[in-house]
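In the working numbering, the protein residues as written are 575 to 975.
Written out as structure tokens, the structure is:
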């Protein structure tokens with residue numbers, strides 16, 4: 575059976591062969607528990623701390639031992655960051671305590687929306703900002719939503735469905751200026767699952783206090799990620815663990831460390847830090863070639879998301895007059911997403927949030943996600959199939975030439 579061409583790199587990426595190569599010895603040679611007081615444990619601990627430093631370099635952290643916490647992935651990191659805002663609240667304490675106020679957006683990943691909903695149920699106050707038609711949230715919107723009891727703003731760096739990149743550095747700076755002016759500390763958490771390893775991140779320059787990422791989004795293994803927690807002078811962030819046990823990761827994430835996964839995350843981070851500028855330039859070119867070709871050859875096509883403030887590897891189109899099932903059959907040799915893979919084939923809450931969700935059964939939406947491993951000839955072959963497939967589907971349904 576012919577293997578489809580993979581274009582679903584927002585859902586997950588293939589492990590880079592170079593990453594796999596450094597992981598393999600951890601299964602048969604350096605397999606000790608990093609907490610053990612013997613050579614096997616010491617060797618594993620050295621690998622873990624090396625990976626911690628590699629992740630720190632990727633995001634611009636300055637104190638790896640105190641600022642990088644290993645987790646099972648971005649979803650856990652997001653919950654760890656957000657749940658800390660309500661950790662001290664109980665049903666009884668809420669009555670006599672100022673409720674913490676959290677700000678987020680309606681286009682966030684379900685992990686963030688669900689974590690915020692849980693915080694609200696625990697006693698927090700929640701504001702959900704409305705993104706514009708391109709999926710953008712502005713610094714002005716964020717500052718306008720701030721209240722005296724605001725303790726956390728949590729936003730994604732870039733959207734996993736439509737690719738829109740928020741002006742995170744400007745939002746972070748605006749929050750810092752507001753905080754200094756009003757003597758108010760507001761933490762800024764960023765979900766960088768889609769940008770880590772693809773777009774430049776510097777937590778200090780972007781005024782970020784907490785940042786979540788997953789290895790499998792940038793050619794590392796699944797089941798491992800990290801949470802950056804600022805630990806600098808007066809702005810040292812305290813978080814509360816989701817669960818307790820052996821006290822690993824400075825008591826913030828108990829459980830035996832996934833050394834193999836952590837080593838993979840570390841090496842994927844190192845490769846990304848070295849190569850993401852070249853990768854981004856190449857992927858931007860491929861992305862733009864798809865957009866240009868489709869828009870020049872087909873009418874009634876909508877590019878969802880911001881046209882310029884966009885992930886280098888993201889394309890999200892809606893084709894009017896095309897049934898989704900018909901298009902999927904025509905594109906059976908390509909693996910792509912017709913919706914967010916995180917929630918399955920349901921209507922996209924992101925498209926609904928920006929007013930781009932069609933109610934017509936003859937409007938098909940596809941998301942294409944490119945990666946470091948995507949070849950130019952794969953993009954060309956996709957375009958050779960996609961354009962006639964849309965034209966044929968419209969001829970069958972009628973009303974389109």
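From the three backbone atoms N, C-alpha and C, an ideal C-beta is built for every residue, glycine too. These numbers come from a predicted model, not from an experiment.
Give the straight-line distance between the Cα atoms of residue 823 and residue 575, rounded to the nearest whole angstrom. 45 Å
Quick one: any contact between the stretch 813-833 and the stretch 639-646, if contact means 3 or more CB pairs under 8 Å? yes
Sequence-distant residues of the same chain with beta carbon closer than 6 Å to residue 786, five excluded per side: 648, 651, 652, 765, 801
How would you call residue 935, buried or exposed, if buried means at least 16 neighbouring beta carbons within 10 angstroms? exposed
Could you please give the first and the last residue of the uninterrupted beta strand (DSSP E) stretch that includes residue 943? 937-943
Bridge partners for residue 800 per DSSP, in chain order? 644, 787
Taking the alpha carbon of residue 869 as the point to measure from, which residue in 709, 964, 803 has its own alpha carbon closest? 964
Exposed or buried, what is residue 705 when buried is set at 16 or more other beta-carbons lying within 10 Å of its beta-carbon? buried
Residue 839 - DSSP class collapsed to helix/strand/coil: helix
Could you tell me which residues DSSP pairs with residue 875 in its beta bridges? 893
Which residue's Cα is closest to the Cα of residue 701: 715, 708, 707, 710? 715
Using the DSSP secondary-structure output, state which residues sit across from residue 730 in a beta bridge. 765
Residue 630 and residue 638 closer than 7 Å at C-beta: yes
When the Cα atoms are used, what is the spatial distance from residue 788 to residue 579? 23 Å
Would DSSP call residue 946 helix, strand or coil? coil
If I follow the unbroken alpha helix (DSSP H) through residue 700, where does it start and stop? Unbroken run through residue 700 is the beta strand (DSSP E), 699-703; no alpha helix (DSSP H).
Given a cut-off of 7 Å, decide if residue 659 and residue 712 are closer than it, judged by their beta-carbon atoms. no
Which residues share a DSSP beta bridge with residue 579? 908
Need the endpoints of the alpha helix (DSSP H) that residue 521 sits in, please. One cannot answer for residue 521 here, as it falls past the ends of the chain, which runs 575 to 975.
According to DSSP, is residue 680 helix, strand or coil? coil
Does the Cβ-Cβ distance between residue 737 and residue 888 come in under 7 Å? yes
So, helix, strand or coil for residue 966, using DSSP? helix
Residue 930: which of 882, 970, 875 sits nearest, CA to CA? 875
Using a Cβ-Cβ cut-off of 7 Å (strictly less than) and excluding sequence neighbours within five positions of residue 950, which residues of its own chain qualify? 860
Could you tell me which whole alpha helix (DSSP H) segments of length 4 or greater appear in the stretch 579-617? 591-597, 599-602
What are the partner residues of residue 724, as DSSP defines its beta bridges? 675
Which residues mark the beginning and the end of the alpha helix (DSSP H) in which residue 744 is found? 742-755
Can you grab the Cα-Cα spacing for the pair residue 853 / residue 957, in whole Å? 21 Å
Should the stretch 805-821 be called in touch with the stretch 593-608, which here means at least 3 C-beta pairs below 8 Å? no
Thinking just about the alpha-carbon of each residue, which of 883, 927, 960 is nearest to the one in residue 891? 960
May I ask which residues mark the beginning and end of the alpha helix (DSSP H) holding residue 635? No alpha helix (DSSP H) contains residue 635, which DSSP labels as neither H nor E.
Endpoints, the alpha helix (DSSP H) within which residue 926 is located: 923-927
Whose C-beta lies closer than 8 Å to the C-beta of residue 612 among residues of the same chain, with five residues either side of it excluded? 606
Candidates 654, 743, 708: closest to residue 692 by CA position: 654
Would you kindly work out how many angstroms separate the C-alpha atoms of residue 718 and residue 818, rounded to a whole number? 38 Å
Secondary structure of residue 862, DSSP reduced to three states: helix
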